[in-house]
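Peer 1: Have a look at this one.
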Amino acid sequence: MKCFRLLCWLVIFAAAPLAIADEPVASELLLPEDVYAYFSVTDVKEMKSRFAETSLGEIGDDENLQEFWEQFSEQFETLKQKLSDQTGVTLEDLLTLPSGELAFALFRMDGMKAGLVGLADFGDSRETLDLLLDKADTALADKGATRQSEDFEGTEIVSYEFPKADADGGLPGAAEMVPNVLSYFVKDSVIVFGNGIETLEAVLARWDGEHGDTFSKNEVYQYIQEVTASDRAPIMKWYVDPIGAVQWGVQANAQKLPQAQMVLGFLPVLGLQNLRAWGGSVDMATEQYDSVTKSLIYVDQPITGLLGLFKFPAKEMEIPNWVSKDVAGYGAFNWDVESAYDTARNLFNMFRGPNALEQMLDQLSENPDGPDVHIKDDLLDQIAGEIQVVSFPAEIEEEAGEDFDPAAIQQDMVVAIELKDAGDMEALLARLSKSDNYPGRTREFQGKTIYEMPNQTATAGGPESFAAAVLNGSLFFSTKVTRIEDVIRGVDSDDRLSEDADFRKIAEHYPEETSMIGYQNNDSQFKVLWQMLRSGNLGEVAKDIDFSLLPPFEDIRKYLSAAGSYAIPDERGALFVSFSIKD
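Numbering (my numbering), first residue to last: 1196 to 1778.
Given below as structure tokens:
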């Protein structure tokens, strides 16, 4: 049962059981430099070990969950026996088969050909691997695949060629673009799969790790790994070059899809050619963190085009006194609105002509049937930069049972936009509320004006109305008017988020100046999911599983630690960090 519990939790939390060899040649040394997508679990045995030390890893062994697990025992034993009968391999052997690095990559080979590979270090489990390969050989032959093999520098490469599928009305050349060859080789303690012999030859040519053209020498990848590195090797790492992949794909299919060439012409105009890559790393059970993810968006400077919409200068972020400690989540970011507007204006005018955006905004504001608001002068120019978003726990009963309706869950939200001049915004709202087209109502509450407006697109479970007010130098919006009233009433010092012990533990890890910060009270977030499972009101999704056997939420609350995140500018883009702390 313990093995089964581990399997279930690894599936639920997408933590597959994989591992690394004793002295492997890292996958980044086996790939050509032009990689467009890459993912690696650097040490699966270590990953499983570290995961077991995390809060999520400990949940599965909680005694309060034993009754829930027991309902699967019979099915689990049947599954194990079926696996053994069909493959000759036990489930225990299968789960321990990968004992080295697991990696996947998409790269460009000589010319415009695509290479797609996956590799895994199987350690001492060669006998188990051979059993599985024999079974796979028989199964592929039954599917009509033709087997062939050839030698490359002393290593046998086995290939299976499948009949080509018909495009049948799809894109031009679609059938040719779908690979119909699966190849693999086994060398040392590693098995490598790929989309053809040429792909695997590119890997074998670099097997000693001394090749001059490898992904490890990619300067963008090097920088990302350097910036996102910790004191020890990460448990996972990844890299994606979406713009490079688009450029490569268009060029590779220039004759089949000539109209796609227009895409390449727009990339410089939109400034997207400067977006080089996104990559990062993941670690678990460190001295400081339960888990931590670091990623970098690498952008060549200066920022131009569409990327100018996303400038977030760093500043010292302070949690305002109106935010209470009972929130489910809190986030704040400092947006350069002026830069965003200039970017939008320049791009719009580029396509529509000089001053086109300015003229359009003027016309909208002068429309007699409109709200008499100038989007730039009255709204955008009023935003000082910092925007805060607060979410509150959904209000659900502890023992909802079959009456629990997931569609009726409503999570209240509050958004506060810092203003340059609160008086100007108050005057604007007052003027709008007196117009004949104003759909809501206005009322006073403790000397402050609240504007309530119906949600004309409300759906089941959604808010029926919205509320707005100018308070504390900011423009507030909320999905529930009582949340605005709470802000007006104020929060006692002991009940403020800034004074909460869990938040302060998270805040210790924020840099002094940030572009964005975030905080998640995970137990309140997870409670909704837990109650939804316990209700059994999941329809056909899990009709054979008795989720009512799950213990009350309070029994597992201790495993749900608070989480934080932040973003800071980097000389080559922006660094994002998210983390949780184990109590």
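All C-beta atoms in this analysis are idealised placements derived from N, C-alpha and C, irrespective of residue type, glycine included.
At 3 residues or longer, and completely inside the segment 1642–1702: list those beta strand (DSSP E) runs for me, N to C.
Peer 2: You should have 1643–1649, 1660–1666, 1669–1673.
Peer 1: How should residue 1778 be labelled, buried or exposed, when 16 other C-beta atoms within 10 angstroms of its C-beta is the threshold for buried?
Peer 2: Reading the sequence shown from its first residue, position 583 is the one you call residue 1778. Exposed.
Peer 1: If you draw a straight line from the alpha carbon of residue 1235 to that of residue 1245, how long is it in whole angstroms?
Peer 2: Taking the sequence shown and counting its residues from 1, the one referred to as residue 1235 is at position 40. Taking the sequence shown and counting its residues from 1, the one referred to as residue 1245 is at position 50. Taking the straight line joining both Cα atoms gives about 16 Å.
Peer 1: By the three-class DSSP mapping on this structure, what secondary structure does residue 1217 have?
Peer 2: By one-based count along the sequence shown, residue 1217 stands at place 22. Reliability fails at residue 1217, whose pLDDT of 44 lies under 50, so the model's placement of it is uncertain and the value that follows must be treated cautiously. Residue 1217: coil per DSSP, three-state reduction.
Peer 1: Using only CA atoms, which one of 1675, 1706, 1490 lies nearest to residue 1659?
Peer 2: Sequence index remark: in the sequence shown, residue 1659 carries index 464 (1-based). Considering only alpha carbons, the answer is 1675.
Peer 1: Could you check the C-alpha separation between residue 1648 and residue 1581 for me, to the nearest Å?
Peer 2: As a working note, residue 1648 is residue 453 in the sequence shown. As a working note, residue 1581 is residue 386 in the sequence shown. Those two C-alpha atoms are separated by around 24 Å.
Peer 1: If contacts are defined as beta-carbon pairs under 8 Å, then residue 1352 and residue 1380 qualify, I think. What distance do you get, rounded to the angstrom?
Peer 2: Within the sequence shown, the letter at position 157 stands for residue 1352. Within the sequence shown, the letter at position 185 stands for residue 1380. Confirmed, about 5 Å.
Peer 1: Can you find the residues in the same chain that come closer than 7 Å, C-beta to C-beta, to residue 1544, ignoring five residues on each side of it along the sequence?
Peer 2: The residue you call residue 1544 lines up with position 349 of the sequence shown. 1550, 1551, 1552, listed in sequence order.
Peer 1: At what residues does the alpha helix (DSSP H) containing residue 1717 begin and finish?
Peer 2: Position 522 of the sequence shown, counted from the start, is the residue given in the question as residue 1717. Per DSSP, residue 1717 belongs to the alpha helix (DSSP H) from 1717–1730.
Peer 1: Which class does residue 1777 belong to by DSSP, given the choice of helix, strand or coil?
Peer 2: As a first step, residue 1777 must be located in the sequence shown, where it is residue number 582. Coil at residue 1777, not helix or strand.
Peer 1: Which same chain residues, not among the five before or five after residue 1718, have their C-beta less than 6 Å away from its C-beta?
Peer 2: In the sequence shown, counting from the first residue as 1, residue 1718 sits at position 523. Here the set comprises 1752, 1755.
Peer 1: Identify which residue in 1248, 1243, 1262 has its Cα closest to the Cα of residue 1740.
Peer 2: Your numbering for residue 1740 matches position 545 in the sequence shown. Taking only the C-alpha atoms, the option nearest residue 1740 is 1262.
Peer 1: With residue 1334 and residue 1356 assumed to form a contact (beta carbons below 8 Å), what rounded beta-carbon distance in angstroms separates them?
Peer 2: Counted from its first residue, the sequence shown places residue 1334 at position 139. Counted from its first residue, the sequence shown places residue 1356 at position 161. With a Cβ gap of about 15 Å, residue 1334 and residue 1356 do not count as contacting.
Peer 1: CB-CB under 6 Å to residue 1722, same chain, minus the five flanking residues each way: which ones, in chain order?
Peer 2: Residue 1722 sits at position 527 when you count from the first residue of the sequence shown. Around residue 1722: 1748.
Peer 1: What does a CB cutoff of less than 8 Å around residue 1638 pick up in its chain, not counting 5 residues either side in sequence?
Peer 2: Locating residue 1638 in the sequence shown gives position 443, counting from the first residue. The residues are 1644, 1645, 1647.
Peer 1: What's the C-alpha gap between residue 1501 and residue 1627?
Peer 2: One-based indexing of the sequence shown puts residue 1501 at position 306. One-based indexing of the sequence shown puts residue 1627 at position 432. C-alpha separation (whole angstroms): 32 Å.
Peer 1: Between residue 1688 and residue 1758, what straight-line distance do the alpha-carbon atoms span, to the nearest angstrom?
Peer 2: In the sequence shown, the residue the question calls residue 1688 occupies position 493. In the sequence shown, the residue the question calls residue 1758 occupies position 563. C-alpha separation (whole angstroms): 22 Å.
Peer 1: Considering Cα atoms alone, identify which of 1579, 1750, 1471 is closest to residue 1768.
Peer 2: Here residue 1768 refers to the residue found at position 573 when the sequence shown is read from its first residue. Per the Cα distances, 1471.
Peer 1: Here's a check: name, in chain order, each residue in its chain whose Cβ is nearer than 7 Å to the Cβ of residue 1530, leaving out the five neighbours to either side.
Peer 2: In the sequence shown, residue 1530 corresponds to position 335, counting from 1. Result list for residue 1530: 1507, 1580, 1582, in chain order.
Peer 1: Would you call the segment 1278–1288 in contact with the segment 1250–1267, where contact means no fewer than 3 C-beta pairs closer than 8 Å?
Peer 2: Contact fails: fewer than three Cβ-Cβ distances are below 8 Å.
Peer 1: Consult DSSP for residue 1482 and reduce its assignment to one of helix, strand or coil.
Peer 2: As a working mapping, residue 1482 is identified with position 287 in the sequence shown. Residue 1482 falls in the coil class under three-state DSSP.
Peer 1: Could you tell me which residues DSSP pairs with residue 1637 in its beta bridges?
Peer 2: Counting from one through the sequence shown, the residue named residue 1637 turns up at place 442. Paired residues: 1646.
Peer 1: Quick one, which of 1714, 1229, 1482, 1587 has its alpha-carbon nearest residue 1302's?
Peer 2: As a working mapping, residue 1302 is identified with position 107 in the sequence shown. Among 1714, 1229, 1482, 1587, the Cα nearest to that of residue 1302 belongs to 1229.
Peer 1: Answer with buried or exposed for residue 1404, where buried requires no fewer than 16 other C-beta atoms within 10 angstroms of its C-beta.
Peer 2: Reading the sequence shown from its first residue, position 209 is the one you call residue 1404. Residue 1404 comes out exposed.
Peer 1: Helix, strand or coil, according to DSSP, for residue 1444 in the structure here?
Peer 2: Numbered from its first residue, the sequence shown carries residue 1444 at position 249. Residue 1444 falls in the helix class under three-state DSSP.
Peer 1: Can we say the segment 1325–1333 touches the segment 1396–1414, given the rule of at least three CB pairs closer than 8 Å?
Peer 2: The answer is no - the segment 1396–1414 does not touch the segment 1325–1333, with fewer than three Cβ pairs under 8 Å.
Peer 1: Looking only at C-alpha atoms, which of 1308, 1267, 1328, 1294 sits nearest to residue 1284?
Peer 2: Position 89 of the sequence shown holds residue 1284. The option with the nearest alpha carbon to residue 1284 is 1328.
Peer 1: For residue 1449, count neighbouring Cβ atoms within 10 angstroms of its own Cβ and tell me buried if that reaches 16, exposed if not.
Peer 2: What you label residue 1449 is simply residue 254 of the sequence shown in a count that begins at 1. It counts as exposed.
Peer 1: How long is the line joining the alpha carbons of residue 1349 and residue 1439, rounded to whole angstroms?
Peer 2: On the sequence shown, position 154 is the one that residue 1349 refers to. On the sequence shown, position 244 is the one that residue 1439 refers to. In a straight line, the C-alpha of residue 1349 is about 34 Å away from that of residue 1439.
Peer 1: How about residue 1650 and residue 1524: are their beta carbons less than 8 Å apart?
Peer 2: For the purposes of this step, residue 1650 is taken as the residue at position 455 of the sequence shown. For the purposes of this step, residue 1524 is taken as the residue at position 329 of the sequence shown. Going by C-beta atoms, residue 1650 is not nearer than 8 Å to residue 1524.
Peer 1: By the three-class DSSP mapping on this structure, what secondary structure does residue 1574 have?
Peer 2: Taking the first residue of the sequence shown as 1, we reach residue 1574 at position 379. Here residue 1574 sits in helix by DSSP.
Peer 1: Measure the C-alpha to C-alpha separation of residue 1429 and residue 1238 and round it to an integer number of angstroms.
Peer 2: Against the sequence shown, residue 1429 aligns to sequence position 234. Against the sequence shown, residue 1238 aligns to sequence position 43. The alpha-carbon atoms of residue 1429 and residue 1238 are separated by roughly 9 Å.
Peer 1: What residue range is occupied by the uninterrupted alpha helix (DSSP H) comprising residue 1754?
Peer 2: Taking the first residue of the sequence shown as position 1, residue 1754 is located at position 559. Premise fails: residue 1754 is in no alpha helix (DSSP H) and is neither H nor E.
Peer 1: Pull up the distance between the alpha-carbon of residue 1452 and that of residue 1473, whole angstroms please.
Peer 2: The residue you call residue 1452 lines up with position 257 of the sequence shown. The residue you call residue 1473 lines up with position 278 of the sequence shown. Straight-line Cα distance between these residues: approximately 27 Å.
Peer 1: DSSP has residue 1432 in a bridge; who is on the other side?
Peer 2: The residue given as residue 1432 occupies position 237 in the sequence shown. Answer is 1235, 1476.
Peer 1: Could you compute how far the alpha carbon of residue 1746 sits from the alpha carbon of residue 1260?
Peer 2: Position 551 of the sequence shown holds residue 1746. Position 65 of the sequence shown holds residue 1260. If I take the Cα positions, the gap works out to 7 Å.
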